[in-house]
Amino acid sequence: MGACYSTTGNTRRHKKQDEGDEDDDGWWKSKRGSKINRTSADFKFVFGGSVEERLLHHVPGRLFGNGSCSIASLHTQQGKKGTNQDAMIVWEKFNSNSDAVFCGVFDGHGPYGHMVAKKVRDSLPVLLSTQWMDTNTNITNTNQISDNENMNTNESIPEEELFEEYWCEQSDVEEKETIPEKYLPLKKSILKSFKLIDKELKNHPSIDCFCSGTTAVTMIKQGQDLVIGNVGDSRAVLATRDEHNSLVPVQLTVDLKPNLPREAARIHQFKGRVFALQDEPDVSRVWLPNSDSPGLAMARAFGDFCLKDFGLISVPDIFYHRITERDEFVILATDGVSSLIFFSLTSQ
């Protein structure tokens with residue numbers, strides 16, 4: 001963890017004396033002598049990404065670096081493992097809705113995990129917003145179709161959508177709240193946008209996602225309603241008051257790890273393997289059928305295409321929660337941080 005490699009929304013980059021010059025052959029050369037191709041992923045990553053990404057960083061109400069606003073606070077801190085691979089976002093007035101907020105935390109892994117996490121942070125909310133608007137439009141049009149035509153449409157649901165719905169509904173959360181009918185279009189949009197962003201990563205021209213990927217825990221708050229989409233082992237934790245008025249944690253998501261029976265069964269079905277190493281017996285990992293690699297410690301993720309034919313999926317679990325008067329706040333966090341939060345709240 002640590003500061004994200006991105007410019008802040010209110011900062012313009014000016015060339016400093018020791019930054020170097022651009023060569024006519026398309027290479028950027030620093031005063032120290034190092035050179036980076038201006039068309040490479042490294043150059044785009046270091047200098048704020050594409051033109052579209054830089055414009056996105058100036059969208060009002062969109063926060064993605066350490067800081068706070070009236071409704072949320074964001075923080076990431078450099079750890080001891082080298083490059084910080086975490087990304088985060090809070091987007092107020094999401095989807096042009098005054099009472100809607102999009103929040104997300106993305107925990108990258110692998111050689112290019114920092115790039116994958118940043119790409120998902122920037123692209124997923126835009127895709128979701130587009131899908132949500134399109135779905136609402138389609139539903140309005142569908143309501144004008146006769147019941148017989150609706151029946152024929154339902155009979156021809158693509159197999160891929162049935163697969164997504166199946167894994168989306170296989171939740172281990174006890175007393176899971178049913179998603180209200182008015183949010184079913186949003187649920188469908190979350191499933192669609194998660195699928196599309198994974199396809200974008202697979203075809204990305206400059207980010208190698210073969211053995212790199214990211215988790216994603218996202219939340220849309222609209223009024224008093226929370227709709228959460230989760231891939232991987234990052235968490236959404238609700239802080240609420242018990243009958244003694246003590247603050248207690250309630251995990252709103254499931255850690256989608258390979259040792260979950262439903263996750264292990266799917267991985268085995270697709271010929272992947274699940275086992276823990278002797279020196280870390282408590283950490284189950286996903287392995288290729290005939291190779292002791294890559295050893296991914298989660299059962300769902302964006303990217304990691306070396307495992308996508310062997311049981312790893314990017315279909316999110318989707319959860320709903322209606323905010324009550326006892327609820328204080330929600331924390332979205334990567335796996336290590338969320339464990340500390342749980343311990344801190346339960347020990348109060």
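Mapping the sequence shown onto the UniProt record's numbering, position 12 (from 1) lands on 12, and the numbers just tick up by one.
We treat Cβ as the ideally placed atom computed from N, Cα and C, and that holds for glycine.
**OP:** Would you mind sorting Ser291 into buried or exposed? The rule is 16 or more other CB atoms within 10 Å of its CB.
**Re:** exposed
**OP:** Indicate the three-state DSSP secondary structure (helix, strand or coil) for Gln251 in the structure shown.
**Re:** strand
Original post:
Quick one, which of Leu201, Leu186 and Ala299 has its alpha-carbon nearest Gly113's?
Top reply: Leu201
Original post:
Between Gly61, Ile318 and Val237, which lies nearest to residue 405 when the distance is taken from Cα to Cα?
Top reply: Here the chain has residues from 1 to 348 only, and residue 405 is not among them.
Subject >> Beta-carbon proximity of Gly229 to Ile179, cut-off 8 Å >> reply: no
Original post:
Comparing alpha-carbon positions, which option in Val283, Phe329 and Lys80 lies nearest Gln224?
Top reply: Gln224 has its Cα closest to that of Phe329, out of Val283, Phe329 and Lys80.
Subject >> Proximity of Ser293 and Val105 at Cβ, strictly below 8 Å >> reply: If you check the CB distance, Ser293 and Val105 do not come in under 8 Å.
Original post:
Is DSSP giving residue 352 helix, strand or coil here?
Top reply: Residue 352 is absent from the model: the chain starts at 1 and stops at 348.
Subject >> Cα-Cα separation between Thr214 and Val283, rounded to whole angstroms >> reply: 18 Å
Original post:
Count the other CB atoms within 10 Å of the CB of Lys188; is the residue buried (16 or more) or exposed (fewer)?
Top reply: Burial call: buried.
**OP:** Check Asp335 in the structure and name its three-state DSSP category.
**Re:** helix
Original post:
Quick one: what's Asp225 bridged to in DSSP?
Top reply: Gln222 and Arg322
**OP:** Compare the C-alpha of Ile89 against each of Pro111, Lys81, Ser98 and Lys118 and name the closest.
**Re:** Lys118
Subject >> Buried/exposed call for Phe163, threshold 16 Cβ in 10 Å >> reply: exposed
Original post:
Ser98: buried (16+ other C-beta within 10 angstroms of its C-beta) or exposed?
Top reply: exposed
Original post:
In chain order, what residues of the same chain have a beta carbon less than 7 Å from the beta carbon of Ala264, not counting five sequence neighbours either side?
Top reply: Pro258 and Val274
Original post:
In whole angstroms, what separates the C-alpha of Glu177 from that of Arg54?
Top reply: 38 Å
Original post:
How would you call Lys81, buried or exposed, if buried means at least 16 neighbouring beta carbons within 10 angstroms?
Top reply: Classification of Lys81: exposed, given that the 10 Å Cβ count is below 16.
Original post:
Exposed or buried, which one is Ile71 when buried takes at least 16 other CB atoms within 10 Å?
Top reply: exposed
Original post:
When burial is assigned at 16 or more other CB atoms within 10 Å of the CB, is Gly79 buried or exposed?
Top reply: Within a 10 Å sphere around the beta-carbon of Gly79 sit fewer than 16 other beta-carbons, which makes this residue exposed.
Original post:
With distances taken between CB atoms, is the gap from Trp132 to Leu186 smaller than 8 Å?
Top reply: Between Trp132 and Leu186, the gap from beta carbon to beta carbon is short of 8 Å.
Original post:
Which residue or residues does DSSP assign as beta-bridge partners of Arg241?
Top reply: Leu247
Original post:
What residue from Phe310, Asp279 and Ile207 has the CA that sits closest to His268's CA?
Top reply: Nearest of Phe310, Asp279 and Ile207 to His268, Cα basis: Phe310.
Original post:
Quick one, are the C-beta atoms of Gly272 and Pro289 less than 8 Å apart?
Top reply: yes
**OP:** Closer than 6 Å by C-beta to Lys93: which residues in its own chain qualify, once you throw out the five before and the five after it? Chain order, please.
**Re:** Gly61
Original post:
Which partner residues of Leu74 appear in the DSSP bridge assignment?
Top reply: Gly67
Original post:
How many whole angstroms separate the CB atoms of Val231 and Arg300, which I take to be in contact at a CB cut-off of 8 Å?
Top reply: 5 Å
Subject >> Residue closest to residue 349, alpha-carbon to alpha-carbon, out of Pro205, Tyr183 and His75 >> reply: Since the first residue of the chain shown is 1 and the last is 348, residue 349 is not available in this structure.
Subject >> Where Asp86 falls, given that 16 or more other Cβ within 10 Å makes a residue buried >> reply: buried
Subject >> Leu74 versus Leu307: straight-line alpha-carbon distance, rounded >> reply: So the two alpha carbons sit approximately 32 Å from each other.
Original post:
When burial is assigned at 16 or more other CB atoms within 10 Å of the CB, is Thr153 buried or exposed?
Top reply: Per-residue confidence for Thr153 stands at a pLDDT of 48, beneath the threshold of 50, marking its modelled position as unreliable; the derived number appears in the next sentence. Thr153 should be labelled exposed.
Original post:
Taking the runs of the beta strand (DSSP E) that are 3 residues or longer, which of them lie wholly in the region 68-124?
Top reply: 86-92 and 100-109
Original post:
For Ala236 versus Leu124, is the C-beta spacing smaller than 8 Å?
Top reply: Judged by beta-carbon spacing, Leu124 lies beyond the 8 Å limit of Ala236, meaning their Cβ atoms are not closer than that value.
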